[in-house]
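For what it's worth, this note's numbering labels the leading residue of the sequence shown as 542, then goes sequentially. A virtual CB, placed ideally from N, CA and C, is assigned to each residue, including glycine.
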Amino acid sequence: MKKVYLDYAATTPLDRRVLNAMTPYLTEVYGNANSVHSFGQEAASAVDNARRTIADCINAKRTEVYFTSGGTEANNWAIKGIAVRYREITGKNHIITTKIEHPSIIESVKYMEKHGFDVTFLPVNSDGLVELDTLEKAMTDKTLLVSIMTANNEVGSVQPIKELAEIAHAKGALFHTDAVQAMSSIKTDVREKNVDLMSFSGHKIYGPKGIGVLYVKSGIKPDKFMIGGHQERTMRGGTTNVPAVVGLAEALRLTVAEMEDNNAKVKAVRDYFLQRVQSEISHIRVNGGMEHRVVGNANVTFEFIEGESLLLLLDLAGIACSSGSACSSGSLEPSHVLMAIGVPIEIAHGSIRFTFGKDTSREDVDYVVDSLKNAVEKLRIMSPLTRD
Ligand SMILES: *Cc1c(COP(=O)(O)O)cnc(C)c1O
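Laid out in structure tokens, this is it:
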């Protein structure tokens, strides 16, 4: 049976070239990068090179790149580490984020709320964008941190990060961005965007799982997150995952080098998909705006049906996509992102996220749209919600 993977926002396959770069560090070069002997030093030098590559890719200094176990840890560290430390230093206690963040941000911010912080979740417009004056009005003298994701994982909206960071800085707050979904298709220069902290992850850019980075601008000192050994300049203890670090660097290097070509390819298949779906399936709506959107995302509501049933039928046809995000599927709650952009609750359940990657072909899209038409028709015949 044909298989088509349209869930690149959940995770991406490991690029073969990344695997090749990692292989020596999974086999021959097994030293602990903290050991002083030659086995350790060989591993340490690979970590050094990886850190330099990553720093170059985002226009940071090597000493501003901290390895973590992934995007979730980087986000936890940014929120908790900055909140705790800067309340101590400044006496401020207000955190601003948005209603459409990844759960690792939303839950970290709620955790700080439990520990006495005031928290504001900014609304977004129907395109999934934070309006600049919404942030401006939410800022107070007590605001110590603003955290706004660069690109959303469900509807793909891309925020005006530079402008938002400027508003935060004007009021003396730090600015963090979760760039996990942005790294594969948006050139990210931390100095140009003027962010203080930025999270990203290996497995969303054809790299390995279980590795990520928190960029921390020099001079900014979050509290330590993992307390232990001297790794990561004592800020994040734990034996360095050398093969994953090497893999993340190679994945990011390739992503940046090949971004233009891949973006053109991915956008072409995504747009072809949307054009076919819009002209061949009735009673649908595309969620989120098209202008400020990552090239690989399409989020479509099919009226009168349950997204979960549609996912199942598509899965039977070998097609992988997602309702909401992987983290919230399985729950009966409608997606918090679709709610925030104003999708009516009655139809939010019929929403599917299709995310495209560098290996998606036009033939894949044709197969998916044909299967989708069948599945939607079948479900609508059975649906008590169908009105026509
Ligand atoms: C996947 C994702 C994360 C979590 O990253 P992990 O490396 O899987 O922990 C965080 N934020 C966004 C926007 C994501 O898409």
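Just curious, the beta strand (DSSP E) that R894 is in, first and last residue?
S892 to T896
If you draw a straight line from the C-alpha of V835 to the C-alpha of T552, how long is it?
If you take the alpha carbons of V835 and T552, they lie about 15 Å apart.
Ligand 1 heavy atoms versus the CB of G753: any closer than 7 Å?
yes
Quick one: grab the DSSP three-state call for M739.
strand
Does the stretch 726-733 touch the stretch 569-580, meaning 3 or more C-beta pairs lie closer than 8 Å?
With contact defined as three or more Cβ pairs closer than 8 Å, the stretch 569-580 and the stretch 726-733 are not in contact.
Would you kindly work out how many angstroms separate the C-alpha atoms of G1003 and N915, rounded to a whole number?
Outside the modelled stretch of the chain, which goes from 542 to 929, sits residue 1003, for which no answer is possible.
Proximity to K940 [Cα-Cα], best of R626, V660 and Q722:
For residue 940 there is no data in the structure shown, the boundaries of the chain being 542 and 929.
Three-state secondary structure (DSSP) of D719:
In this structure, D719 counts as strand in the three-state DSSP scheme.
Separation of D907 from G891, as counted between CA atoms
When rounded, the distance between both Cα atoms is 21 Å.
Do the CB positions of T691 and D719 come within less than 8 Å of each other?
yes
Taking the Cβ atom as the reference point for each residue, do M563 and G788 lie within a distance shorter than 8 Å?
yes
Exposed or buried, what is I932 when buried is set at 16 or more other beta-carbons lying within 10 Å of its beta-carbon?
The requested residue 932 is not part of the displayed model; the chain covers only 542 to 929.
Who are the Cβ neighbours of E849 in its own chain at under 7 Å, not counting the five residues just before and after it?
S864
Reducing DSSP to helix, strand and coil, say where N838 ends up.
strand
Below 8 Å between beta carbons: does that hold for T901 and D548?
Remark: C-beta atoms of T901 and D548 do not approach each other more closely than 8 Å.
Is K734 closer than 8 Å to A706 when the C-beta atoms are compared?
yes
Quick check: what's the CA-CA separation for N666 versus A711?
23 Å
Would you call R894 buried or exposed, if buried means 16 or more other Cβ atoms sit within 10 Å of its Cβ?
buried
Pick out whichever of K543, S576 and N617 has its Cα sitting closest to the Cα of R777.
N617
Return the first residue and the last residue of the beta strand (DSSP E) that I636 is part of.
H635 to T639
Pairwise C-alpha distance: L855 and I822
15 Å
Can at least three beta-carbon pairs, one atom from the stretch 626-635 and one from the stretch 677-684, be found at a separation below 8 Å?
yes
Rounded C-alpha distance that separates T675 from E874
For T675 and E874, the gap between their C-alpha atoms comes out near 26 Å.
Proximity below 8 Å, CB of R558 to CB of L795
yes
Pull up the distance between the alpha-carbon of T781 and that of Q772, whole angstroms please.
Cα to Cα, the separation comes out at about 7 Å.
With C-beta atoms as the reference, is T594 less than 8 Å away from A790?
yes
Quick check for students: name the residue ranges of the beta strand (DSSP E) that lie wholly in the stretch 599-625, counting only runs of 3 or more.
606-609
Is the beta carbon of K703 less than 8 Å from the beta carbon of E605?
no
Mapping the DSSP letters down to three states, classify D556 as helix, strand or coil.
Here D556 sits in coil by DSSP.
Nearest to G898 by alpha carbon, out of E695, V807, K678 and A591?
For the residues E695, V807, K678 and A591, the minimum Cα distance to G898 belongs to V807.
Kindly examine ligand 1 and report whether one of its heavy atoms sits closer than 7 Å to the Cβ of Q722.
Q722: yes, Cβ under 7 Å from ligand 1.
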